[in-house]
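S.K.: Just dropping this structure here.
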Amino acid sequence: MKITMKEVARLAGVSVTTVSQILNQKGGRFSEATRQRVLKVIAEQDYSPNYFASNIIAKKSKTIGVIVPDFSEQFASAIVRKIREQLEKQGYYLIICESDNDFFKEQELLNQLARIAVEGIFLFTPNDYQGKKIIERGRFQEIPVVFADRGLNEGFYGTIKLDEYSGVYRAIEWLITEGHEKIAFIMDNAEHYHLTERFDAYCQALKDHDLLIEEKYIKQMPLTIAGGYQGTIDLLKETDVRAIFCCDDMLAIGCYQALYDSGKKMNQDITIISFDGGEVTQILRPQIKSVRQPYEELGKAYAEKIQMAIDQPDRRMDDRLFQVTFETT
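Mind the numbering: the sequence shown is residues 1 to 329 in the UniProt record's numbering, read in order.
See the structure below:
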């Protein structure tokens, strides 16, 4: 049977308060003999305090919940890694959950995180998020909720947005200046995300250089490696494409593989540009050119936002805009 703090106090001949303060390293006013006597009883009885219960009472668990739709998502995994690096410096730990893009599963995960008394929650969401009350209030059962979703949902604590449009526009314009006119665009199929700014930038860049926007060069696919692969195979069969812009790294990796399997030489036969600039695309050779997201800055900004939400839960926060960069080398 598990021993209680009250029994530890009785065996050590001290009060429950004394045991609690020594366990929490607040026993400076007690003699070394008293401290050693309490620690001896704890060791002999194999006592461990119920920090979970005390955390619920104190609301200081030093844990933060994170719900991502899919662990394989480049954006989510990269941002979570940077958030974790920042928050661990402040003594926080992350509990990371996967919702499988299922709203009802997400609600159950939110309930579970609330039951274990997390201090805050990061929520990665699709465009058409159903949790309107959470968006409006910035809370789930009084726990602060920060949206990590590229500013798609206007949350209580403000949004963190990316200037996706200008980055994609520069990339398409660079392809045009390199002599490419048959430029394809592999994008999301709008199942969970609508990357409209990226598509709008593609269309505008073509218009500004008097190039036609042709439906045959536009492929809507799942944001997966398989989606990028199939979209590229279809383009090779149906068009004489010379450059392909992929809306994220997973699509670009699939595109890369399809070109290889089709005997095409990247950057010689066909040029690929990706949006994300994650670690995977950087190690490929030849390297995929990328519109890169500032993951380090984003992670720091999200970490600061959740800390402010925990410390000042009723304070609304301003939106923040971050620039992407386009690198050709």
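Just so it is clear, CB atoms sit at the ideal spot from N, CA and C, and this is done for glycine as well. Keep in mind that this is a model prediction, so the values were computed, not measured.
#1: Check whether the Cβ atoms of Val241 and Lys305 lie closer than 7 Å to each other.
#2: Do you know offhand how far Thr224's Cα is from Thr18's?
#3: From which residue to which residue does the beta strand (DSSP E) around Ala243 run?
#4: Can you list, in chain order, the residues of its chain whose CB lies under 7 Å from that of Ile42, leaving out five sequence neighbours each side?
#5: For chain B, check one thing: does any of its Cβ atoms lie closer than 7 Å to the Cβ of Glu142?
#6: If Asp249 and Thr281 are in contact, beta carbons under 8 Å, what's the gap, nearest whole angstrom?
#7: Thinking C-alpha only, which one of Gly277, Gly278, Ile288 is nearest Lys265?
#8: Roughly how many angstroms lie between the CA atoms of Thr4 and Val324, to the nearest whole one?
#9: Please state the DSSP three-state secondary structure of Glu279.
#10: Let me check one thing: in DSSP terms, what residues is Ile96 bridge-paired to?
#11: Kindly indicate which three-state DSSP category Glu173 falls into: helix, strand or coil?
#12: Can Ile253 and Met221 be called in contact, C-beta distance under 7 Å?
#13: Measure from the alpha carbon of Gln268 to the alpha carbon of each residue in Ile79, Asp210, Glu178, Pro313, then state which is nearest.
#14: With burial defined as no fewer than 16 other Cβ atoms inside 10 Å of the residue's Cβ, what is the status of Arg198: buried or exposed?
#15: If I measure Cβ to Cβ from Asp100 and keep anything under 8 Å in the same chain, skipping five residues before and after, which residues do I get?
#16: DSSP state of Ile306, grouped into three classes?
M.R.: Once the coordinates are examined:
#1: no
#2: 57 Å
#3: 243-246
#4: Val8
#5: Of the protein chains in this structure there is only one, and it is not chain B.
#6: 5 Å
#7: Ile288
#8: 55 Å
#9: helix
#10: Val66
#11: helix
#12: no
#13: Glu178
#14: buried
#15: Pro69, Asp70
#16: helix
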